[in-house]
Every structure is written in structure tokens, then in C-alpha cells.
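Asks:
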Amino acid sequence: MDVLKLGLIGAGRIGKVHAQSVAYHVPRARITRIADIAPEPARVWAAELGIRSVTADAREILDDPEIGAVVICSSTDTHADLIMAAAAKGKHVFCEKPVDLTLAKVKAAVDAVERAKVKLQVGFNRRFDHNFKRIRDLVREGVIGTPHVVRITSRDPAPPPLAYVKVSGGIFLDMTIHDFDLARYLSGSEVVEVYAKGAVLVDPAIGAEGDVDTAIVTLEFQNGCLGVIDNSRKAVYGYDQRVEVFGAAGSLACENDTPTSVVHSGANGVTGDKPLYFFLERYQKAYIDEMNAFVEAVLDGTPTPVGCEDAIQSLVIGLAARKSLAEKRPVRTAEISGAETARNRARGSR
391 MDVLKLGLIG
401 AGRIGKVHAQ
411 SVAYHVPRAR
421 ITRIADIAPE
431 PARVWAAELG
441 IRSVTADARE
451 ILDDPEIGAV
461 VICSSTDTHA
471 DLIMAAAAKG
481 KHVFCEKPVD
491 LTLAKVKAAV
501 DAVERAKVKL
511 QVGFNRRFDH
521 NFKRIRDLVR
531 EGVIGTPHVV
541 RITSRDPAPP
551 PLAYVKVSGG
561 IFLDMTIHDF
571 DLARYLSGSE
581 VVEVYAKGAV
591 LVDPAIGAEG
601 DVDTAIVTLE
611 FQNGCLGVID
621 NSRKAVYGYD
631 QRVEVFGAAG
641 SLACENDTPT
651 SVVHSGANGV
661 TGDKPLYFFL
671 ERYQKAYIDE
681 MNAFVEAVLD
691 GTPTPVGCED
701 AIQSLVIGLA
711 ARKSLAEKRP
721 VRTAEISGAE
731 TARNRARGSR
């Protein structure tokens, strides 16, 4: 059996998740090198996974001819440059979201991948969730007829550290970007208009950084479907991840995953478990499945399930939401993609 040798760039929380997924659940791949700007903390857990090479220099991975693909889990501001560097070396790329916070940089990375004829998969792991995938498959089968409304609830159990908020690009490019991709995936259509409202209701310090912690985003899709996404940085009962797709012939919905399905009914009421606490617990299997899908695409020569266009479209929607919030009006996605095209033409004519 062919085995794909991987290099992992970025050994933080999500990097460790992917390393564990590959070590225990992805039989057709093996991580042979890890690079992180602070390599010492990774050495212990890397050794436990049988990974002996841990370095501070990502170039050691990029220059290694035996490594066929890289898994990029470093900070967002490094993603696009690493994608372009990996593509130049002929290496396939799995990259955590978002590829970048600017459309120009995302398109430059996509262009580099396409020129090099290597594969790119973006880490929109929710497409691989068992509940969401089942809903998507049933929508495609026509079980509910033409989709009319997509509703997504996504609420974190606690806000991120302020240091992270400062560099995240804001709630729409950090948190809601997952929901934007999921909305496209479930509806089977592109978003044409975005209207976002936001507030600071959880932590005033988030507002002081120019961001919001609570948001409602409405979407209009090309196929006529409408969408509603609600986000909060703090749900006291845990990680709230629910979806409904309502159509002409019915509705499909899923509730939160819980540690058990046990319900206690007594004289004082009916109680059950809280949702799984956060994304590492909730999407553990999805992380495994997305990495298997990437490895299979590389080894079998098939398209990646979350590719270049998905990287671009999710960011366009996120930028439209940010503009909508700032300008207090609906924003057509063409305003974002069209403005970028115009800027590129202007640069080219100089």
C-alpha cells in the first residue's frame, strides 16, 4: 500500500489533533517531520507518536524530497506564503482555514497551486461531520424538495483569548467562516447577498478590539434559498452546533451531540447531558475523516473535497459580512469579488 509522507507545519492545538489523527486513524499516511517556531513543547508528544524530527525551520520540510504533502496549521498570517512555497516545491497542501484574511493573497495562493498542478484542501472540517453530511446528502437526493431556508446555530462555550481576537480577523473571518462554508455546502448554491448585524454582549474587551461577540447574518443564495446564521462567543451550556434545512417538501434538522443520549425524567423535571464541550470533542471524527479524504485525493489522483474555490468563496462571504456590519447595509458578494478584480486590473495597468 502506498503511504504518503507528510510534513506538519505548526504544532499547536490543531496541529496536534491532525498529528494524532494521522498516527492512529489514517493508515495511508505518516507524518515524518514537524516544524514549529517553538519546537520544544512538541518534541514530547511527537515522540509518543513516533515522529522523531521536530524543527523550528519549516524550510526543512519544504526541502525534504521524501515529503509529498504538507499540513499547514501555523498562524493565519503564514498560510498563504507557506502554500505558495510548498507548491513551488511540488508538494500537495492541506491548510487550516482561513487561507488568508485578504482575497488577493488567497487568490495568489490558489494561482500557485494551480500552476504547480498540486492539490489543495482547506480545513473546513464541518463538511465531514456525520450529522451535517447526512443532511447534505438527503438535500441532494431531493428528500425535502427545493431548499427554501438554511438555519445554522453556532455558539462557542467561551470566548477566545484577547491576544487571539487581535489577530483573528474578527468573528466573521475566524468563527463564522466555518458557517459560511457549511451554508454553501448544505444549500448547494453560492451566496449572492449578505446582511450582518452584530453586538458586544459577552465581553466588552472584544468590542474594544473593534470586534463583536454576538452576530446574526442573513444570506441570499443564487438558487433563491435564504439563510440565517446566529453566532455567540459564549453559550453557558456548551458548544451549540445545530442545523436545519427547510424545503418545499419537508425539513431536515440535527441537534447537538452529547456525551450520552440518556434522559432523566423525574418529579422535578426532565434533564439530559450538555452538548460536547468544544470543537475538539465535537468534531473529533470529522478531523479524522477530512484527513483521510485529503490523503486519498493525493494518492488516488482524485479532486480534494474542499478545494480552491471553497477557499475563495468562504472569504468573499466573510468580507461581505464585515463590510455589511460596518456600513449597516446588505452587501452583494459581487461587490467584494468585483472590487478585487478591479484593483488587480489597476495594478496591472501601472
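Using the numbering used here, you'd call the opening residue of the sequence shown number 391 and step up by one each time.
Glycine included, each C-beta is placed from N, C-alpha and C at the ideal position.
How many whole angstroms separate the CB atoms of M474 and A448, which I take to be in contact at a CB cut-off of 8 Å?
Replies: Not really, about 13 Å apart at Cβ, beyond 8 Å.
Asks: Just tell me which of E671, K395, P488, I441 has its CA closest to the CA of D454.
Replies: The shortest Cα separation from D454 among E671, K395, P488, I441 belongs to K395.
Asks: Tell me the start and end of each unbroken beta strand (DSSP E) in the region 507 to 565 that is at least 3 residues and wholly inside, in chain order.
Replies: Those beta strand (DSSP E) runs which fall completely within the region 507 to 565 and span 3+ residues are 510 to 512, 537 to 545.
Asks: Determine the DSSP secondary structure at L398, reduced to helix, strand or coil.
Replies: Correct three-state label for L398: strand.
Asks: Rounded to whole angstroms, what is the Cα-Cα separation between P444 and R517?
Replies: For the sequence presented, residue 444 should be read as Val rather than Pro. Each residue's Cα considered, the two are about 31 Å apart.
Asks: Name the DSSP beta bridge partners of F611, please?
Replies: According to DSSP, F611 bridges with V581.
Asks: Using C-beta distances below 8 Å, list every residue in its chain close to T566, excluding the 5 sequence neighbours before and after it, in chain order.
Replies: Within the same chain, T566 has close Cβ partners S544, A605, V607, I619, N621, G708, A711.
Asks: How many Å lie between H482 and Q703 at the Cα?
Replies: Distance between the alpha carbons of H482 and Q703: 21 Å.
Asks: For F636, which beta-bridge partners are listed by DSSP?
Replies: Beta-bridge pairing links F636 to V539, S641.
Asks: For G588, count the other beta carbons within 10 Å of its own beta carbon; 16 or more makes it buried, fewer makes it exposed. Which is it?
Replies: Label assigned to G588: buried.
Asks: Could you compute how far the alpha carbon of I424 sits from the alpha carbon of V412?
Replies: Looking at the two C-alpha atoms, the distance is approximately 13 Å.
Asks: Using DSSP's beta-bridge definition, name the partner residues of T661.
Replies: According to DSSP, T661 bridges with H654.
Asks: I think A701 touches V489, with their Cβ atoms under 8 Å apart; what is that distance to the nearest whole Å?
Replies: At roughly 5 Å, the Cβ-Cβ gap stays under 8 Å, so A701 and V489 are in contact.
Asks: Roughly how many angstroms lie between the CA atoms of V582 and A638, to the nearest whole one?
Replies: Looking at the two C-alpha atoms, the distance is approximately 21 Å.
Asks: Under a three-way DSSP split, which group does N621 fall into?
Replies: In this structure, N621 counts as strand in the three-state DSSP scheme.
Asks: Name the one or two DSSP bridge partners that I702 has.
Replies: None; I702 has no bridge partner.
Asks: With DSSP as the reference, label K587 as helix, strand or coil.
Replies: Residue state, collapsed to three classes: strand.
Asks: Check the C-beta distance from I399 over to L510 and give it rounded, since I have them as a contact under 8 Å.
Replies: So it is not a contact: roughly 14 Å between Cβ atoms.
Asks: Whole angstroms is fine: what's the gap from G662's alpha carbon to E634's?
Replies: Cα-Cα distance, rounded: 22 Å.
Asks: Is there at least one Cβ from chain C nearer than 8 Å to A502's Cβ?
Replies: Within the model displayed, chain C is absent; a lone protein chain is all it includes.
Asks: Please state whether the Cβ-Cβ distance between Y629 and L591 is less than 8 Å.
Replies: Contact flag unset, no.
Asks: Return yes when the Cβ of E504 is within less than 8 Å of the Cβ of C698, no when it is not.
Replies: Against a cut-off of 8 Å, the Cβ pair of E504 and C698 comes out as a contact.
Asks: If T466 sits next to L491, beta carbons under 8 Å apart, how far is it from one beta carbon to the other, in whole angstroms?
Replies: About 6 Å; that satisfies the 8 Å criterion.
Asks: The beta strand (DSSP E) that contains V444, what's its start and end?
Replies: Start and end: 443 to 445.
Asks: Identify, in the order they occur along the chain, each residue of the same chain with its Cβ nearer than 6 Å to the Cβ of V539, setting aside the five sequence neighbours on each side.
Replies: L616, F636.
Asks: Would V706 and S714 qualify as a contact pair, given that the criterion is a beta-carbon distance under 8 Å?
Replies: For V706 and S714, no; Cβs fall outside 8 Å.
Asks: Among the residues of its own chain, which have a CB less than 6 Å from the CB of G578, if the five just before and after it don't count?
Replies: Closer than 6 Å at Cβ, skipping near neighbours: no residue.
Asks: Under 8 Å by Cβ, that's how I've got Y575 and R526 pegged, so tell me the actual separation to the nearest angstrom.
Replies: Sure, about 6 Å apart at Cβ, within 8 Å.
Asks: Grouping DSSP H, G and I as helix and E and B as strand, with all else coil, what is F484?
Replies: Note: F484 maps to strand in three-state DSSP.
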